[in-house]
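Let me begin by presenting the structure, written as structure tokens, before commenting on it.
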Amino acid sequence: MSIGLVLSGGGAKGAYQVGVLKALAEMDIEVDKISGASIGALNSVIVASSGSTSDAAAALESIWTELGQSSPLEVNQKNIAFMVSYALASLLQLSPHPLARKVSKATVLGLSQYAKKTNIDLAVLDDSPIKKLFEQYVDFEKLPEWKDIWVSVFKGNAIDSIFEFAKGELLRLDTDKSEFVELKSLTPPEVAQALLASAALPILYPAKHLELDEAGGYYFDGGIGGAKKSQGNTPITPLVKNCDTIIVTHLDNGSNFERRDFEGTIIDIRPSNDLIGSSEKKVVAMLDFSVGKIEYLIDCGYKDTIRVLSSLKVFSLTKSSIDEIQVDIDCLLDQL
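Take any residue in the sequence shown, note its place counting from 1, add 343, and you have its number in this note's numbering.
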């Protein structure tokens, strides 16, 4: 019997997943395979590289405590001039003067073409702090010993990826599909790049070059793809044929993911509390690495997981047959 775990994306709300792992460890539930998107990809690599769920929970709690004390949000100084120029040129398109709008349109077009040609990092933030932090906790040289792990990534240049992100988040339209990368098929340096790519939200973080096919290309946040069904942000696809039971964690109660689209025993863990307050505060919530918010999210994740899994008696997964909990599981889940 194999148990899979899916960790969705959601920026700083990823602290919720620390609570999920703490609950799984307390219930003696060991994860065999894992997948993640964005911040969920970064959390998932800790789970995959740890010897047990308990070890993973402890490591994640240490990491997130450190994130609360020293925010990973560091301004990308080398590209700030380009970003400011692009922003100002874009704002000029709102001018009531025709000449200003004409100049603005030409400037934005020129900057966009330059960005596409050079793939300049249209990124406000530097990902170096995140990379350094995870290098402290992850032994990439022991990759063959890790649990099987997949992360989602989204292929595209900076401008197109920003457009796709806006399509999904602001217009609620579907987007091109994300791709799933099996990390154990890569070299240690490639794994590090894939993880940073999966968490590279357009505008905020720079894309990463990956050679996943002969052509290669630049990749961004895996949560962008397949927005209508949360295909990229809730990367369950690689686990469906490899696991008997899959625990799916969400960082947004309004996630478009629907477990009935997939076969097998799939258990949703969704936040019972509102993690973001309102839609207007969504971006702020994704960037809130304050100590108080992190502690609150960890507590929410822990309580929600205990509530859901205790109702399903999933603690039996570690010792007895999956058949014992499959009976009426859909009915039980619908009542939660």
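Ideal Cβ placement from N, Cα and C applies to all residues, glycine included.
Remember, it's a predicted structure, so these values are computed and weren't measured experimentally.
Reduced DSSP secondary structure (H/G/I, E/B, other) of residue i
{"i": "A542", "result": "coil"}
{"i": "D671", "result": "Residue confidence for D671 is low, a pLDDT of 49 falling below 50, so the modelled location carries little weight; the figure read from the coordinates is stated next. If DSSP states are grouped into helix, strand and coil, D671 belongs with coil."}
{"i": "L516", "result": "coil"}
{"i": "Y562", "result": "strand"}
{"i": "L350", "result": "strand"}
{"i": "A380", "result": "coil"}
{"i": "A466", "result": "strand"}
{"i": "I637", "result": "helix"}
{"i": "W489", "result": "coil"}
{"i": "L495", "result": "Rather than Leu, the amino acid found at residue 495 in this sequence is Ser. S495 falls in the strand class under three-state DSSP."}
{"i": "I609", "result": "strand"}
{"i": "F502", "result": "In the sequence as presented, Phe is not what sits at residue 502; that position holds Ile. Residue state, collapsed to three classes: helix."}
{"i": "E601", "result": "coil"}
{"i": "E478", "result": "helix"}
{"i": "V583", "result": "helix"}
{"i": "L553", "result": "strand"}
{"i": "E373", "result": "coil"}
{"i": "S621", "result": "Low confidence applies to S621: its pLDDT is 48, below 50, so where it sits in the model is not reliable, and the reading given next is rough at best. It is coil, neither helix nor strand."}
{"i": "F715", "result": "A question about residue 715 goes unanswered here, because the residues of the chain that appear run from 344 up to 679."}
{"i": "T588", "result": "strand"}
{"i": "F632", "result": "coil"}
{"i": "V390", "result": "helix"}
Beta carbon of residue i nearer than 8 Å to that of residue j
{"i": "A543", "j": "A550", "result": "yes"}
{"i": "L582", "j": "G347", "result": "yes"}
{"i": "T580", "j": "I610", "result": "no"}
{"i": "T577", "j": "S395", "result": "no"}
{"i": "G565", "j": "F508", "result": "no"}
{"i": "G362", "j": "Y561", "result": "no"}
{"i": "I567", "j": "A466", "result": "no"}
{"i": "A355", "j": "A628", "result": "yes"}
{"i": "F563", "j": "A540", "result": "yes"}
{"i": "I389", "j": "V534", "result": "no"}
{"i": "A358", "j": "I637", "result": "yes"}
{"i": "L454", "j": "E409", "result": "no"}
{"i": "N596", "j": "S573", "result": "no"}
{"i": "N585", "j": "S345", "result": "yes"}
{"i": "T518", "j": "Q360", "result": "no"}
{"i": "L655", "j": "L618", "result": "no"}
C-alpha distance - residue i paired with residue j, whole-angstrom precision
{"i": "E369", "j": "E417", "result": "35 Å"}
{"i": "D469", "j": "G511", "result": "24 Å"}
{"i": "I372", "j": "G379", "result": "18 Å"}
{"i": "L555", "j": "K520", "result": "15 Å"}
{"i": "V374", "j": "V446", "result": "56 Å"}
{"i": "I382", "j": "L435", "result": "34 Å"}
{"i": "S393", "j": "F483", "result": "11 Å"}
{"i": "P439", "j": "Q479", "result": "53 Å"}
{"i": "A432", "j": "L516", "result": "27 Å"}
{"i": "V657", "j": "K485", "result": "With a pLDDT of only 48 at V657, under the threshold of 50, the placement of this residue in the model should not be trusted, and no figure is reported."}
{"i": "I641", "j": "S504", "result": "31 Å"}
{"i": "T648", "j": "Y548", "result": "31 Å"}
{"i": "S387", "j": "E488", "result": "15 Å"}
{"i": "P441", "j": "L452", "result": "16 Å"}
{"i": "R602", "j": "V651", "result": "15 Å"}
{"i": "P532", "j": "H552", "result": "12 Å"}
{"i": "E606", "j": "V349", "result": "15 Å"}
{"i": "L364", "j": "S397", "result": "8 Å"}
{"i": "V524", "j": "G569", "result": "16 Å"}
{"i": "I473", "j": "A384", "result": "12 Å"}
{"i": "S428", "j": "T608", "result": "51 Å"}
{"i": "A340", "j": "Q536", "result": "Because residue 340 is not part of the residues shown, which for the chain are 344 to 679, the question remains open."}
{"i": "D604", "j": "G575", "result": "15 Å"}
{"i": "P614", "j": "S653", "result": "16 Å"}
{"i": "I377", "j": "Y639", "result": "25 Å"}
{"i": "C643", "j": "S471", "result": "29 Å"}
Residue i burial status per 10 Å Cβ neighbour count (16 or more: buried)
{"i": "I590", "result": "buried"}
{"i": "A391", "result": "buried"}
{"i": "V634", "result": "exposed"}
{"i": "K571", "result": "exposed"}
{"i": "E522", "result": "buried"}
{"i": "L513", "result": "exposed"}
{"i": "Q669", "result": "Any reading at Q669 must be qualified, since the residue scores a pLDDT of 49, below 50, and its modelled position is unreliable; the value itself is stated next. Burial call: exposed."}
{"i": "G499", "result": "buried"}
{"i": "L538", "result": "buried"}
{"i": "D631", "result": "buried"}
{"i": "Q456", "result": "exposed"}
{"i": "A449", "result": "exposed"}
{"i": "A443", "result": "exposed"}
Chain C contact for residue i (CB, 8 Å cutoff)
{"i": "G568", "result": "Absent from the structure: chain C. Only one protein chain is present."}
*Could you tell me whether the region 485-500 touches the region 401-408, where touching means 3 or more Cβ pairs closer than 8 Å?*
No, the region 485-500 does not touch the region 401-408.
*Does the region 522-535 come within contact of the region 405-414, defined as at least 3 CB pairs closer than 8 Å?*
Judged by Cβ distances under 8 Å, the region 522-535 makes no contact with the region 405-414, as fewer than three pairs qualify.
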